[in-house]
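Working notes, beginning with the structure itself.
Residue numbers (my numbering), protein chains in the order written: chain Z, 11 to 591; chain X, 15 to 432.
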């Protein structure tokens, strides 16, 4: 239990990559194991299949080889059975040559068989039989050689005309002819022939040796036999010598032939068990390979199913572990994040693992706590900031107001003559320009009065500039009071004043100027007393500009000055006086 | 870092798989022109034994096997740390038996060499087969001249790789002929062989020497093996008026010749002479007094030495009987020469396997020189003869003294070149 806890703790503290690494390594291991088992089973099955095919082929070759060898033996047997009947040449053609061809096939087959066994993956027992196959091969080759040698020896022995037996028979006939009529030697001749014949039946050498001994006696008897001419005797002795020489050779050739046949028997003794064993071993090999396939298939099936089930179970365990240690924590963190988004600042993800998710959860918790603190402080700070902002705003508004006021004052200052408080020359020119434009567009009349204080220099010189200024201020007051609300009165320069009278015809303005002159003349200026002014009046005419209008007013003022001052001169009045209608 | 661990795990896994798939080290190449025999650390060293293990001369074949067994026993039945496995094949003492026995052995590529044969007729055919297959073969019993050399030239049945420690009986027939001509004054002689190259070799040797000396071979007869009726051939001897019959036959044909000759009065004075194949207790026991006065020509037996006494004691201890013939000694020497040559030719491979080149083994055998054998000092010549030629003519006077008495009654010794 302690151990499990330790393992569990150790597992929890592992990093995610290590956990994944362990899990996937184990899964990979299981997959690799399964693949190996499958591969191994397949390999064994393929090997067994190959062994079966090889064994079947081996068995087939052995059957074929055995059949061919048997055929060669039959041909060999038939050769000896049939040659006395059909003759040597025909037997040679019908049995010997085909037998040689069959032996060549046996040799080729056994060579193939050896190569198949060598190259195949059959059992060691069968492979070790390769030496038997080699023996089979060499025995087959030897069979061919021995067969050829037997045929040679048999030819020596039994070939028609040239064979020893034929020679013996021929000599026997000829010798019999020579000895015919001589009783004593004929009896010996017959005895010799009988023993030789006995030999040919029994193949027991003593019989032939006896025949040779009788032949010796016959030879002795020929020397004294009556009834034979010397030539016939000599011919008979020559024939007897040839007969005995042939008879002496026959047992030797027989021994050779018997040895060669014995060789066949020994080969058969060596070879027959080989083919029998090879066939049996090949059959066993097939059964063994089949058994191996069955066994391996069974083991492989069980192993594959077991590893598959284990792998499945293990995959589930791994999935559960991953879910418990990774996915569930990620889900918990995701839900916590969602709640946090929904302003649930009290949420805290409960993850204690030592892995990256644990670290992330701890970080998340710290972050949420920090956010909660920040949210709590934020309202008070907002109120404080709002108050600070309102105060600032008030100050700003106050400043704006003050600025407006100052601007207005500045505006007044920039458009007002500082001494008199009337419009200054700039303001007057603006007003003149405005009225010129209006008159041009709408064809409305407007007029101007330009006045200049008479002898104002004398006032400054006599009473000082301050008194002069008070005179100017007093006249400004008079203008302001006398002018209409729509008129603009202003100091045009020095002791000159201009009064712009919108939508006012010249006559009205001349009357206004007169009333002003009168007002001046009746006003008592402190220290100075009476002060007069000269007035020039002009009305806007089509084609006038500000300049031309003021010039015409100024010309009228000039005339008023020239007319003795303290009078009103109207522009164009001289023209009307000089050119009365 | 973890990636690196994972990669290392994968590498280890693949390396393990690779190692699982790795095959055994490749065998070392063989440069011997006749091929090599490779013997694994736990594999036995295979030697073929081709002897006459059944039939009339089985006793001689058994003596050869025993000589080999005694030589192996002295080495703890191991050569170069490998147990020696003997694959025995019976020849039946006939040529076809020799050929087929050799065919069976050479079919096994692990068979290194052949120890055999008993009969020279087997040896001729067996040597031909084994020589073609690249093997080597050594005999302690074959003595027919046809197998190695005649008159300092290759004999008709010479085969590369064939050697023997039994002396070439090229001089056996001449020894008998010289004794007959020079000591007995024989001028007309008859020979009887059994058609085998061994007996024919002896009778041919006898004829050539006898005729060279001035004698006359009046009969050169042959009997078949297993013939029992020898009267016809003996009648021929009588007819030929031969003073001596040289019949180097084995038992029982030799027995029949002797016994039937003794019954034929015309042969009462005819000298009968055979060879070493009848210098056996079994022959003396079988013919008893009939053999009195009979001559035998056989190899000069080795001198009794402490080494030979020790070997004889080992023979007695191992087989609970004294050795019936001396031929186990030449077999012992043949086995030792073969085993020494194997040790000389063998190369211990780095793969733990023993590599023995077949030509290297032949070369080592032919290079045998001054081998201190118990049959004498042995030096193998280019024809495969390792023993010096020395033959005694023995006369049996007392059957009761057995073969040892016969061996002690040396009446003539012929050792050309010594």
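Where is the CB? At the ideal position from N, CA and C, for every residue including glycine.
Taking the Cβ atom as the reference point for each residue, do residue i and residue j lie within a distance shorter than 8 Å?
i	j	result
residue 249 of chain Z	residue 152 of chain Z	no
residue 274 of chain X	residue 244 of chain X	yes
residue 318 of chain Z	residue 69 of chain Z	no
residue 406 of chain Z	residue 385 of chain Z	no
residue 343 of chain X	residue 81 of chain X	yes
residue 215 of chain Z	residue 241 of chain X	yes
residue 109 of chain X	residue 135 of chain X	yes
residue 518 of chain Z	residue 510 of chain Z	no
residue 22 of chain Z	residue 321 of chain Z	no
residue 325 of chain X	residue 316 of chain X	no
residue 93 of chain X	residue 357 of chain X	yes
residue 462 of chain Z	residue 505 of chain Z	yes
residue 520 of chain Z	residue 431 of chain Z	no
residue 117 of chain X	residue 145 of chain Z	yes
Report the residue from the options whose alpha carbon sits nearest the alpha carbon of residue i.
i	options	result
residue 555 of chain Z	Z:441, Z:529 and Z:573	Z:441
residue 313 of chain X	X:341, X:300, X:325 and X:323	X:341
residue 251 of chain Z	Z:267, Z:266 and Z:232	Z:232
residue 103 of chain Z	Z:115, Z:86 and Z:116	Z:86
residue 277 of chain Z	X:272, X:114 and X:83	X:114
residue 347 of chain X	X:384, X:363 and X:373	X:384
residue 464 of chain X	X:154, X:234 and X:263	Any question about residue 464 of chain X goes unanswered here, given that chain X covers just 15 to 432.
residue 284 of chain X	X:264, X:306 and X:298	X:306
residue 491 of chain Z	Z:474, Z:477 and Z:522	Z:522
residue 180 of chain Z	Z:529, Z:309, Z:253 and Z:446	Z:253
residue 58 of chain Z	Z:574, Z:350 and Z:306	Z:306
Give the straight-line distance between the Cα atoms of residue i and residue j, rounded to the nearest whole angstrom.
i	j	result
residue 58 of chain X	residue 49 of chain Z	37 Å
residue 448 of chain Z	residue 456 of chain Z	9 Å
residue 352 of chain X	residue 164 of chain X	24 Å
residue 418 of chain X	residue 263 of chain Z	40 Å
residue 267 of chain X	residue 301 of chain X	12 Å
residue 38 of chain Z	residue 44 of chain Z	10 Å
residue 99 of chain X	residue 79 of chain X	13 Å
residue 64 of chain Z	residue 285 of chain Z	16 Å
residue 134 of chain Z	residue 429 of chain X	54 Å
residue 190 of chain Z	residue 246 of chain Z	10 Å
residue 323 of chain Z	residue 374 of chain Z	35 Å
residue 63 of chain X	residue 94 of chain Z	42 Å
residue 104 of chain X	residue 155 of chain X	15 Å
residue 424 of chain X	residue 262 of chain X	18 Å
residue 354 of chain X	residue 381 of chain X	11 Å
residue 121 of chain Z	residue 300 of chain Z	27 Å
What do you get for residue i, buried or exposed, if any count of 16 or more other CB atoms within 10 angstroms of its CB means buried?
i	result
residue 217 of chain X	buried
residue 223 of chain X	buried
residue 468 of chain Z	exposed
residue 495 of chain Z	exposed
residue 540 of chain Z	exposed
residue 34 of chain X	Any answer about residue 34 of chain X is weak, because its pLDDT of 48 lies below 50 and its placement is not dependable; what the coordinates show is given next. Its Cβ having fewer than 16 others within 10 Å, residue 34 of chain X is exposed.
residue 192 of chain X	buried
residue 298 of chain X	buried
residue 71 of chain Z	buried
residue 427 of chain Z	buried
residue 383 of chain Z	exposed
residue 389 of chain Z	exposed
residue 318 of chain X	exposed
Using a Cβ-Cβ cut-off of less than 9 Å, list which residues of the segment 224-245 of chain X approach chain Z; keep chain order. 235, 236, 237, 238, 239, 241, 242, 243, 244 and 245
Interfacial residues, the segment 121-132 of chain Z to chain X, with Cβ spacing under 7 Å: Residues: none.
Taking only beta carbons into account, state which residues of the segment 237-271 of chain Z come closer than 8 Å to chain X, listed in chain order. 261, 262, 265, 269 and 270
Tell me which residues of the segment 133-167 of chain Z have at least one Cβ-Cβ distance to chain X shorter than 7 Å, keeping chain order. 141, 142, 144, 145, 148, 149 and 152
Within 8 Å of chain Z by C-beta, residues of the segment 88-120 of chain X in sequence order: 108, 109, 110, 111, 113, 114, 117, 118 and 120
Residues of the segment 204-225 of chain Z whose Cβ lies closer than 7 Å to any Cβ of chain X, in chain order: 215, 216, 219, 220, 222 and 223
Taking any Cβ of chain Z, which residues in the segment 133-156 of chain X have a Cβ under 7 Å from it, in chain order? none
Listed in chain order, which residues of the segment 277-306 of chain Z have Cβ atoms closer than 7 Å to some Cβ of chain X? Taking 7 Å as the Cβ-Cβ cut-off, the segment 277-306 of chain Z approaches chain X at 277 and 280, given in chain order.
Compile a chain-ordered list of the residues in the segment 197-226 of chain X whose CB is closer than 7 Å to at least one CB of chain Z. 209
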